[in-house]
Every structure is written in structure tokens, then in C-alpha cells.
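This report concerns only the one structure given below.
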């Protein structure tokens, strides 16, 4: 029964190991002890939750107090180490306890954010009907709004009149 609880921490469907605040030293703090933490400890606590770490001690203290009051934020921690040392340690600990975690892997943040690139061109849509209808006068309106104003500029109505009478050639 105890093995089932430990194995629940390992999600094999997306190959990540969930960490708890107890797995990372300094990632859990009592409400009474928040005032005793220095700036680096407050920043580390926020880094474990992937929250903004900038500001002075007063701002950091307020941010930690607010986030520590929310259980869903307080209990959800991420590995702050770029080499995933805490995740690897948790994985080794699970293997020591006899849990089969051979399929679990340590996931890099860089590869996780990119996703998988399509292997063939069939995934790309070549249908242009989803694009907005292009009207040449829209281009003229856009260039009139965006161009630099100069003393030698031609009246915008004259350009629109010429373009509508003769048509634009592209």
C-alpha cells in the first residue's frame, strides 16, 4: 500500500517526476518563519515555484506570504536547478525504495517548451481561404496611416482616386 503512494508521485504518461516541497531543502516554510528568511532564501522559495524573483525584501516577503497562503501554489514546486539535481535525486530515491521507474525520465525545460515538430509537410495547412480578404485599398489606408509625414506629400484622396480608377497592379 505504501508503494502505491510513492508511485503516485511518478507520472509515466508525460515522463516527469512530481516534486513536493519536502524534496527540495528550503522550498517549504512556515508562516511564522517567513519573516526570518533573508533575500536569497525568499528568492529561492519563489524560484521553486517559477514566480518573479525581483524586488526588494519587502516585496519578496509580501509575495511569499501571499503565495504561501494558497495551498495549490505552496504545494506545487519545480526543480530550480538547471541540471535537475533535485529531480534526479527523487528518482534515485524512488528506485531505492523498489519502485520501478525505468520509464521515467528527467525532462529538460528547453525541450518541454518546444514541443514536437511535425515530421512531414502534411501537418501544415496550405489552404489560404482562412486568411482575411485582401483589398488593395486597405494597403493604401495602411500606408497613409503609417508613412512619415513630409512637406512634399501627395493628398491621400488623390492617391485613392487614382488607385480605384486605374486599379493597382501587383
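Residue numbers (this note's numbering): 0 to 169. Just so you know, even glycine gets a beta-carbon here, dropped at the ideal spot from N, CA and C.
Cutoff 6 Å; reference residue i; Cβ partners in own chain excluding five residues on either side
i	result
residue 45	52
residue 138	none
residue 50	none
Beta-carbon spacing of residue i, residue j below 8 Å
i	j	result
residue 85	residue 48	no
residue 18	residue 28	no
residue 43	residue 25	yes
residue 237	residue 64	It is not possible to answer for residue 237, since the shown part of the chain is limited to 0 through 169.
Paired residues, beta bridge with residue i - DSSP
i	result
residue 59	Paired residue(s): none; residue 59 is not in a bridge.
residue 28	In DSSP, residue 28 forms no bridge with anything.
residue 76	18
Spatial distance of residue i from residue j (CA atoms)
i	j	result
residue 175	residue 39	Residue 175 is absent from the structure shown; the chain starts at 0 and stops at 169.
residue 80	residue 21	16 Å
residue 31	residue 89	28 Å
residue 237	residue 16	One cannot answer for residue 237 here, as it falls past the ends of the chain, which runs 0 to 169.
residue 41	residue 94	32 Å
residue 109	residue 70	Since pLDDT at residue 109 reaches only 48, below the 50 mark, its modelled position is unreliable, and the value read off the structure follows with that caveat. The alpha-carbon atoms of residue 109 and residue 70 are separated by roughly 28 Å.
residue 141	residue 132	15 Å
residue 56	residue 68	18 Å
residue 146	residue 87	56 Å
Same chain, Cβ closer than 7 Å to residue i, five either side skipped, listed in chain order
i	result
residue 72	48, 66
Nonlocal neighbours in the same chain, by C-beta distance under 8 Å from residue i, ignoring five residues either side
i	result
residue 74	19, 20
residue 54	62
residue 59	38, 41, 42, 45, 52
residue 92	none
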